[in-house]
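So the sequence shown is numbered by this note's numbering: it starts at 94 and just counts up by one.
Glycine included, C-beta positions come from ideal geometry on N, C-alpha and C.
None of these values were measured; they are calculated from a predicted model.
These notes are about the structure you will find just below.
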Amino acid sequence: MRDQCNPGQNPDPVKSSLGFGLVFLLALVTSLKLAPGVATGEIERWDEEADVVILGSGLAGCVTAIEAYETNRSAKILIVEKMPEHYAGGSSRVSGGALFIPQDLEALLTYRRALDEPNPVPEDVVRT
């Protein structure tokens, strides 16, 4: 890709910081000790209140929690995860740290289709 760093060329500090931050975030998420899960049928009464409720402890959920905290440090933030503790982090945990932020969406989609050629992925999923 054209934004790759060539030997002897300094990497973009913003992209480097973003990449480091995402790797750190994923490491943090996978190391969290979460409260044991409770099956939905076992909940008879819910007395908790939160300013922000986030569904899922994957990358998007954790970034949302951080952003909510940075916006209002006194906010009570609750992350609700449906999966057991050993799956905390969702599919972000097993993504290999890959995150695509394209400047050219069509070029990225072409690249993804080429990667998936041996096992084609439906077009609506690719575009998601």
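- Less than 7 Å divides the Cβ of Ser185 from the Cβ of Gly151.
- Under the 8 Å Cβ criterion, the stretch 190-200 does not count as touching the stretch 159-176, having fewer than three qualifying pairs.
- Leu208 carries a helical assignment under DSSP once its states are collapsed to helix, strand and coil.
- For Val156, the enclosing alpha helix (DSSP H) covers residues Leu152 to Thr164.
- Non-local C-beta neighbours of Ser167 in its own chain, meaning closer than 8 Å and more than five positions away in sequence, are absent.
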